[in-house]
Amino acid sequence: MIAIEGLSKSYGGVRAVEDVSLAVAAGEFFSLLGASGCGKTTLLRLIAGLDRPDAGRVAIDGVDMTEAPPYERPVNTVFQSYALFPHMSVRANVAFGLKQEGIDSAAVAARVAQALRIVHLEGFDRRKPHELSGGQKQRVALARALVKRPKVVLLDEPMAALDKKLREKTRFELKSIQHEVGLTFIMVTHDQEEAMALSDRIAVMDAGRIVQVGSPRDIYDRPANAFIAGFIGDANFFDATVSATANALLTLAAPEVERVLTAPDGGFRVGEKVRLMVRPEHLALGTERPNGNALRARIEAIAFLGDASAVEVRTAAGRPLSIRTARRDLPPAGSEIWVSWPAEAGIVLKS
Amino acid sequence: MIPSATANALRRALVVGPPYLWLLAFFVAPFAIVIAISLTDPAVRAPPYTPLLAADGAFQGDLDNYATVLGDSYYAAALLDSLRIAAVATFFCLLLGYPMAYAIARAAPAAKLALLLAVMLPFWTSFLIRVYAWIGLLNSNGHINEWLIALGVIEEPLALLYTDFAVYIGIVYAYLPFMVLPIFAVLERLDRALLDAAADLGARPWQAFVRVTLPLSFPGIAAGSLLVFIPAIGEFVIPELLGGSDFVMVGRVLWTEAFSNRDWPMAAAVAVALLVLVVAPVAWLDRKVAPKVMARP
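Residue numbers (the numbering used here), protein chains in the order written: chain A, 6 to 356; chain B, 4 to 300.
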């Protein structure tokens, strides 16, 4: 649906987007994920046509749109600030784009009503934006973008202005709305949880470049580098050296681990310096020394989260590790314990 | 300590009171005096009008002066001419001022400051001197005629000074900043994301202007128009110095009645009629138009 090739854009010498190529399929929920200033919003504006690229091409549904102004692109945006027209009612806001197409008023009314129904805002059509809550404003912005039946809906941090509870509720709704209307969604977000929960695929951006594209599972389980591993979810890292490769398993030597670690192969050479990453939920803790990968540590703090506990431990070598466990029978803080993990839970990354 | 209701009321009165006292002392009271004078007759004494109450306390005011203002075509014409001139001048101020305000609001930050300064710079020079300068420009042997003759556009000097045209130029020139600044203030605050949204929804730049920018700048247009229109109606100096004798603005009438004819009651009646004429459009804007277009942020 969207094909981007070699897209670059600088602002006053700062490269906001650098040589980005991307393909988004029809009906896909695609997220651009990154920290603030990584260029994700600029990339979205380049797709919308609100900014012009310095180099590269943007094609939408097979048509080259690189030079097309925003008002000629089959793309509508939900802006971060929502950008609702303050002098217009909810109905007039949603109808704005349809009137622009010169559709007759009966059809406009029907489509506006339908769009408001999809976002569960029936009965709000006469309100002015200042009479709406943040969540309602966001729905109006969504209805306004959906009502034109664009080929692609762009969402710029659509949940950023909502409080946590509402954000989680809206997440599911957004997903079901996307399913209902069957449109391609591209969402910009800095919230990895949000990106994981909603997206079919995620592109992780850093410093204007796309560093990894994949499904949420792919990116979580097989991050391309330590930056992504740390950005998507929590991660524990160990510095290690490859000591052997055999049977598609890698054997590592790490100074602080008593035993040799094994992890799935990733095309590494013997002697290469690597980083081993283990997710907090893959670390287990116990009082007996288990078989396999294990190291000695002391419990520093336990935070009970309801469904699980977050345990902070420190290894004998002084490295802090985060563990997430559903166990309730945890030894108290200060206890000496064994931390272990299965070989396949260790992700080996380039150092 | 929980403040008692009376202490609260007192504190509130202290905050709200001064502006009300100010209005009472410097607007309501003088205006009441003007209304009172407008009901009396002129007399050769000091002050030069008959007392509103006779020696025995009987009320002896009447509405004769208002009958004259409404009935005598001299006063009606002066009021109507003033309205017409103020309205036309306001229109041209808007026509010139809106694009200026728009350009300043869109200029780069450094240029914006310079342009704003340029708009306000004339205030550093005396108003009277600036109006006199126009005499030098518009005179039949003034600079504008000189240039036009030198360029071969005309052969004989045009009669520019002492015409309606000169009065319009004077008023538009003098009041333009009052139109530009409020419109600029509104356009400056306009959220650029709204224009992005309009373009995103299919509006070409001019459509976005008509459907978004223009309606949202209406508070500035209204404020600027009132700031130009109201003082322009009562303008005295500009028509006096630049205008011809073919029409009389109400400011001149007031001056003549009060100082030449020493007819204070008549002057007071004209002043009250003028105020009603001015308040009417403001009240209309405030009640009918403002609630429709003013959007709370």
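All C-beta atoms in this analysis are idealised placements derived from N, C-alpha and C, irrespective of residue type, glycine included.
With C-beta atoms as the reference, is Leu38/A less than 9 Å away from Ile352/A? Along the first sequence, one-based indexing puts residue 38/A at 33. Along the first sequence, one-based indexing puts residue 352/A at 347. No. Outside cutoff.
Taking the C-alpha atoms as reference points, what is the distance between Ala302/A and Thr320/A? Along the first sequence, read from residue 1 onward, the residue named residue 302/A stands at position 297. Along the first sequence, read from residue 1 onward, the residue named residue 320/A stands at position 315. Roughly 4 Å separates the two Cα atoms.
For a cutoff of 9 Å on Cβ pairs, would you count Asp289/B as touching chain A? Your numbering for residue 289/B matches position 286 in the second sequence. Output row for Asp289/B: interface = no.
Flag Ala114/B as yes if its beta-carbon sits less than 9 Å from any beta-carbon of chain A, otherwise no. What you label residue 114/B is simply residue 111 of the second sequence in a count that begins at 1. Not an interface residue.
What do you reckon, are the CB atoms on Pro268/B and Pro54/B nearer than 9 Å? For the purposes of this step, residue 268/B is identified with residue 265 of the second sequence, where counting begins at 1. For the purposes of this step, residue 54/B is identified with residue 51 of the second sequence, where counting begins at 1. No, the pair does not count as a contact, with Cβ atoms beyond the cut-off.
Starting from Met6/A, trace the beta strand (DSSP E) both ways and give me its first and last residue. Within the first sequence, residue 6/A is the residue found at index 1, counting from 1. Met6/A -> no beta strand (DSSP E), and no H or E assigned at all.
Where Ala299/A and Ser345/A are concerned, what is the direct C-alpha to C-alpha distance, given to the nearest angstrom? For the purposes of this step, residue 299/A is taken as residue 294 along the first sequence, with counting starting at 1. For the purposes of this step, residue 345/A is taken as residue 340 along the first sequence, with counting starting at 1. Each residue's alpha carbon lies about 4 Å from the other.
To the nearest angstrom, report how far apart Asp161/A and Cys43/A are at their CA atoms. As a first step, residue 161/A is located in the first sequence; it is residue number 156 there, counting from the start. As a first step, residue 43/A is located in the first sequence; it is residue number 38 there, counting from the start. Those two C-alpha atoms are separated by around 14 Å.
Using a Cβ-Cβ distance under 9 Å, would Pro58/A count as near chain B? Locating residue 58/A in the first sequence gives position 53, where the first residue counts as 1. False, the Cβ-Cβ gap to chain B never drops below 9 Å.
Using only the alpha-carbon positions, how far apart do Tyr76/A and Asp203/B sit? Position 71 of the first sequence, counted from the first residue, corresponds to residue 76/A. Position 200 of the second sequence, counted from the first residue, corresponds to residue 203/B. Distance between the alpha carbons of Tyr76/A and Asp203/B is about 5 Å.
I need the straight-line Cα distance from Leu159/A to Phe168/B, nearest angstrom please. One-based indexing of the first sequence puts residue 159/A at position 154. One-based indexing of the second sequence puts residue 168/B at position 165. Their backbone Cα atoms lie some 55 Å apart in a straight line.
Own chain, CB closer than 7 Å to Ser15/A, minus 5 neighbours either side, in chain order: The sequence position of residue 15/A within the first sequence is 10, counting from 1. The residues are Ala21, Asp59.
If you follow the beta strand (DSSP E) that Ile174/B is part of, which residue opens it and which one closes it? Taking the second sequence and counting its residues from 1, one reaches residue 174/B at position 171. Taken as a continuous stretch (DSSP letters only), Ile174/B belongs to no beta strand (DSSP E), being part of the alpha helix (DSSP H) at 167-192.
C-beta atoms of Val156/B and Cys96/B nearer than 9 Å: Reading the second sequence from its first residue, position 153 is the one you call residue 156/B. Reading the second sequence from its first residue, position 93 is the one you call residue 96/B. No, Cβ-Cβ distance for Val156/B and Cys96/B is not below 9 Å.
Under DSSP, the alpha helix (DSSP H) around Leu335/A begins and ends at which residues? The count along the first sequence starts at 1 and reaches residue 335/A at position 330. Element bounds for Leu335/A: n/a, residue is neither H nor E.
Pro21/B - DSSP class collapsed to helix/strand/coil: Start at 1 with the first residue of the second sequence, and residue 21/B comes out as number 18. It is helical.
Measuring only between beta-carbons, confirm whether Gly223/B sits less than 9 Å from chain A. In the second sequence, counting from the first residue as 1, residue 223/B sits at position 220. Judged by the 9 Å Cβ criterion, Gly223/B is not in contact with chain A.
Work out the CA separation of Phe29/B and Leu257/B for me, nearest whole Å. Start at 1 with the first residue of the second sequence, and residue 257/B comes out as number 254. Start at 1 with the first residue of the second sequence, and residue 29/B comes out as number 26. Leu257/B and Phe29/B: Cα-Cα distance of roughly 20 Å.
Given a cut-off of 9 Å, decide if Leu310/A and Val318/A are closer than it, judged by their beta-carbon atoms. In the first sequence, residue 318/A corresponds to position 313, counting from 1. In the first sequence, residue 310/A corresponds to position 305, counting from 1. No; because the gap between Cβ atoms is not below 9 Å, this pair is not in contact.
If distances are taken between C-alpha atoms only, which option among Pro163/A, Val29/A, Ser13/A comes closest to Thr71/A? What you label residue 71/A is simply residue 66 of the first sequence in a count that begins at 1. It is Ser13/A.
Under 9 Å, Cβ to Cβ, is there at least one residue of chain B near Thr71/A? Start at 1 with the first residue of the first sequence, and residue 71/A comes out as number 66. Cβ-Cβ to chain B under 9 Å: no for Thr71/A.
Residues from the region 205-219 of chain B in contact with chain A, defined by Cβ distance under 8 Å: Gly205, Ala206, Arg207, Gln210, Arg214, Val215, Pro218, Leu219
Do the region 238-249 of chain A and the region 272-285 of chain A make contact, defined as three or more Cβ pairs closer than 8 Å? yes
Per DSSP, what kind of secondary structure is Gly223/B in: helix, strand or coil? If you number the second sequence from 1, residue 223/B lands on position 220. Of the three classes helix, strand and coil, the one that applies to Gly223/B here is helix, per DSSP.
For His287/A, the nearest candidate out of Ala251/A, Leu255/A, Ala240/A (CA to CA): Along the first sequence, one-based indexing puts residue 287/A at 282. When each option's Cα is compared against that of His287/A, the closest is Ala240/A.
Indicate the three-state DSSP secondary structure (helix, strand or coil) for Thr46/A in the structure shown. As a first step, residue 46/A is located in the first sequence; it is residue number 41 there, counting from the start. The answer is helix: DSSP assigns Thr46/A an H, G or I state.
Which residues share a DSSP beta bridge with Asn241/A? Numbered from its first residue, the first sequence carries residue 241/A at position 236. Asn241/A is bridged to Val283/A.
For Ala308/A, the first and last residue of its enclosing beta strand (DSSP E): Stepping through the first sequence from its first residue, residue 308/A is reached at position 303. Note, Ala308/A: beta strand (DSSP E), 298-309.
Residue nearest to Lys45/A in terms of C-alpha spacing, selected from Arg122/A, Arg149/A, Ile215/A: Taking the first residue of the first sequence as position 1, residue 45/A is located at position 40. The shortest C-alpha separation from Lys45/A is found at Ile215/A.
Residues in the same chain with beta-carbon distance under 8 Å from Ala12/B, minus the five sequence neighbours each way, listed in chain order, please. On the second sequence, position 9 is the one that residue 12/B refers to. Here the set comprises nothing.
Give me the chain B residues within the contact set of Thr82/A, using Cβ-Cβ distance strictly less than 8 Å, ordered along the chain. Position 77 of the first sequence, counting from 1, holds the residue named residue 82/A. Going along chain B in sequence order, the residues near Thr82/A (Cβ under 8 Å) are Asp199, Ala200, Asp203.
State yes or no: is the beta carbon of Tyr76/A nearer than 9 Å to at least one beta carbon in chain B? In the first sequence, residue 76/A corresponds to position 71, counting from 1. By this cut-off, Tyr76/A is an interface position.
Could you tell me the alpha carbon to alpha carbon distance between Phe34/A and Gly128/A, rounded to whole angstroms? As a working note, residue 34/A is residue 29 in the first sequence. As a working note, residue 128/A is residue 123 in the first sequence. Roughly 29 Å between the two C-alpha positions.
Cβ-based neighbour list, Leu17/B, same chain, cut-off 7 Å, excluding 5 preceding and 5 following: Here residue 17/B refers to the residue found at position 14 when the second sequence is read from its first residue. Correct list: empty, nothing qualifies.
On a CA-only basis, which of Pro74/A, Gly17/A, Arg57/A is nearest Gly205/B? Give me that one, please. Indexing the second sequence from 1 puts residue 205/B at position 202. Answer by Cα proximity: Pro74/A.
Along the chain, where does the alpha helix (DSSP H) that runs through Asp205/A open and close? Reading the first sequence from its first residue, position 200 is the one you call residue 205/A. First-last for Asp205/A: undefined, no H or E at that position.
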